[in-house]
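Peer 1: Structure in structure tokens, see below.
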Amino acid sequence: MGRLGALLLLLGALGALADICNIPEVDSSLVQTLGQRLLPWMDQLSLEHLNPSIYVGLRLSSVEASTKEAFYLHSLKVDYQQSLLRHAPSDDNTDLQAKPSMGQLALYMLALKANCEFIGGHKGDRLVSLLKRFLEDEKRSIGHDHKGQPHTSYYQYGLSILALCVHQKRVHDSVVGKLLYAVEHDHHLHRGHLSVDTVAVAGLAFTCLQRSNLNSDLRHRITLAIRTAQEKVLKAQTPEGYFGNVYSTPLALQLLMTSPMPGAELGTACLNARAALLASLQDGAFQNALMISQLLPVLNHKSYVDLISPDCLAPRVTLEPATVTPSPMQVPEFIHVMLKVPSVWPPYRHSISVPAGSSLEEVLMKAQELGGFMYGTQASLSGPYLTSVMGKEVGEREFWQLIRAPDTPLQQGIADYRPKDGETIELRLVTW
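Rendered as structure tokens:
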């Protein structure tokens, strides 16, 4: 056998040993429809509604919002810089409840890099210092023995390391070490369960660190942790094809697309996930801006790791607002939703009548309007989430879980889930 034949045989053997996650192209009209769903969100320009993830998702996608994109980035810069000035924490007292949060700051830094802007100057240095102080405070909360928990979450912790990494900003080995330990010892839990989103973000952060060689003394552990994160994501695949659930699948695919793995199961798993996502899109999933922004890069074969060297000149298709055909005036159809809160005394149980197509949030608003029910929410980038029901505030390691009877946890939040006629929705206080 000649040298060429031997080389081809070797390459063939290597190809059999390593499998890649390749997502075949989807119909361009589907991508444009997803992009169009983001356009109304880009008109909401208050700090509460500004979402850097929207900008990142569009810049890593094959579609663009033209001048609206530039104006949105300008609005992000103005509001975030003003907010940082208003809520400037002291060097020894970082306020983790300040707005924007650690995760929001991380996404803002990703948005800047998505526009090929490198952090620099007084404002940039201050932003980097603030994010690093957030991480140091979280590291102390976790503790030297790793028995504590971050004030926010390991998701925000990993996202912050990733954001600093794409800007080539090194964090101390001890900060990275906390995230490594969490992945190595299954501390990446969210409400008592494996969080595919958290594992995926941690894996993306490690991949960035590996490619940038910013923490060279940890290189071996980082390489192993990337493999561990990939394996955990693969094991979390459901019979339907999702990694965890439909909404954690985009971030999971971002991780799996970044590095090959030995064996042949990776490619098949990714194809199954693609088929599951397409089916869910046909069923009307992905109305939430954050989830859409995580999916669009996947459909363009991109991940957050590509922000190390973004291609800001890549051609993209300009989005046009979706055309809405006016429908004749009709008397709205009403549905009845049974709302239950067994976690309070006396237990609450009432049938609420709302127009068909109403969100669960609108059901709660109607219940409060009728009297005998009250609730409170807190804004987040993925939409409002419940913080109190019937005066009962969530405590440490507690949350209000949304259950569709008889016992199906909802994957969407109160603003996105739309109950059907006759459904029973339970608000259940859960401790984890």
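The sequence shown begins at 0 in numbering that gives the first Met the number 0 and counts up by one.
Glycine is no exception: its CB is placed at the ideal position from the N, C-alpha and C atoms.
Let me check one thing: in DSSP terms, what residues is V429 bridge-paired to?
Peer 2: Per DSSP, F398.
Peer 1: Below 9 Å between beta carbons: does that hold for M337 and G421?
Peer 2: Yes. Within cutoff.
Peer 1: Return the Cβ separation of A251 and V232 in integer angstroms, given the expectation that the two are a contact with Cβ distance under 8 Å.
Peer 2: Going by Cβ atoms, the distance from A251 to V232 rounds to 5 Å, so yes, they are a contact pair.
Peer 1: Could you give the distance in angstroms between the alpha-carbon of A12 and the alpha-carbon of I22?
Peer 2: The predicted position of A12 is uncertain, since its pLDDT is 37 and thus under 50; a value taken from the coordinates is nonetheless stated next. Approximately 23 Å between the Cα atoms of the pair.
Peer 1: So, helix, strand or coil for E392, using DSSP?
Peer 2: Looking at E392 - three-state DSSP - the assignment turns out to be strand.
Peer 1: I believe V62 touches L289 by the beta-carbon criterion, under 8 Å. Please report the beta-carbon distance rounded to the nearest angstrom.
Peer 2: About 17 Å; that fails the 8 Å criterion.
Peer 1: First and last residue of the beta strand (DSSP E) that includes T376?
Peer 2: Segment 374 to 377, the beta strand (DSSP E) holding T376.
Peer 1: Taking one C-beta from the region 138 to 158 and one from the region 344 to 356 each time, how about it: are there three or more such pairs within less than 8 Å?
Peer 2: Cβ pair count under 8 Å is below three, so no.
Peer 1: Just to check my reading of the structure: Q31 and V316 have Cβ atoms closer than 8 Å, yes? What is that Cβ distance to the nearest angstrom?
Peer 2: Right, their Cβ atoms sit about 7 Å apart.
Peer 1: So, under 8 Å CB-CB, Y153 and A181 are touching, yes? Tell me the CB distance rounded to an integer number of Å.
Peer 2: So it is a contact: roughly 5 Å between Cβ atoms.
Peer 1: At 4 residues or longer, what runs of the alpha helix (DSSP H) sit wholly inside the region 201 to 289?
Peer 2: You should have 218 to 234, 248 to 257, 264 to 281.
Peer 1: Comparing C-alpha positions only, which one of P405, M364, I225 sits nearest to L385?
Peer 2: Of P405, M364, I225, the residue nearest in Cα terms is M364.
Peer 1: May I ask which residues mark the beginning and end of the alpha helix (DSSP H) holding F133?
Peer 2: That run of the alpha helix (DSSP H) goes 120 to 141.
Peer 1: Assuming M101 and L126 are in contact, meaning their beta carbons sit under 8 Å apart, how far apart are those beta carbons, in whole angstroms?
Peer 2: M101 to L126, Cβ: 12 Å. No contact.
Peer 1: What does the Cβ neighbour count give for F133, buried or exposed, with the cut at 16 atoms within 10 Å?
Peer 2: Counting Cβ neighbours within 10 Å, F133 comes out buried, since at least 16 surround it.
Peer 1: Going by C-alpha to C-alpha distance, which of Q43, I19, A113, I53 sits closest to G34?
Peer 2: Among Q43, I19, A113, I53, the Cα nearest to that of G34 belongs to I53.
Peer 1: At the level of alpha carbons, what is the spacing between L409 and P39?
Peer 2: Approximately 25 Å, taken between the alpha carbons.
Peer 1: For the beta strand (DSSP E) that I413 lies in, which residues bound it at each end?
Peer 2: Run containing I413: none; DSSP gives neither H nor E here.
Peer 1: What are the start and end residues of the beta strand (DSSP E) that includes S27?
Peer 2: First-last for S27: 27 to 37, but that is the alpha helix (DSSP H), not the beta strand (DSSP E).
Peer 1: Nearest-angstrom Cα distance between L59 and K112?
Peer 2: Each residue's Cα considered, the two are about 11 Å apart.
Peer 1: For L193 versus Q229, is the C-beta spacing smaller than 9 Å?
Peer 2: Taking 9 Å as the Cβ cut-off, L193 and Q229 do not qualify as a contacting pair.
Peer 1: With 16 other CB atoms within 10 Å as the buried threshold, where does N92 fall?
Peer 2: Reliability of the predicted coordinates at N92 is poor, the pLDDT of 47 falling under 50, and the value obtained from them is presented with this limitation in mind. Result: exposed.
Peer 1: In this structure, how does DSSP classify D185 when only helix, strand and coil are distinguished?
Peer 2: Coil, per DSSP.
Peer 1: What number of angstroms, rounded off, separates the C-alpha of L84 from the C-alpha of S45?
Peer 2: Distance between the alpha carbons of L84 and S45: 16 Å.
Peer 1: Rank I160, H143, N114 by C-alpha distance to the C-alpha of L441 and give the top, closest one.
Peer 2: The displayed coordinates of the chain run from 0 to 431. Any statement about residue 441 would go beyond what the structure contains.
Peer 1: Which two residues bound the contiguous alpha helix (DSSP H) that contains L106?
Peer 2: Segment 101 to 113, the alpha helix (DSSP H) holding L106.
Peer 1: DSSP state of S45, grouped into three classes?
Peer 2: It is coil, neither helix nor strand.
Peer 1: What are the start and end residues of each continuous alpha helix (DSSP H) run of 4 or more residues lying completely inside the region 302 to 378, in chain order?
Peer 2: Runs found: 359 to 369.
Peer 1: Could you tell me the boundaries of the alpha helix (DSSP H) in which L158 lies?
Peer 2: 153 to 165 is the span of the alpha helix (DSSP H), which, as asked, contains L158.
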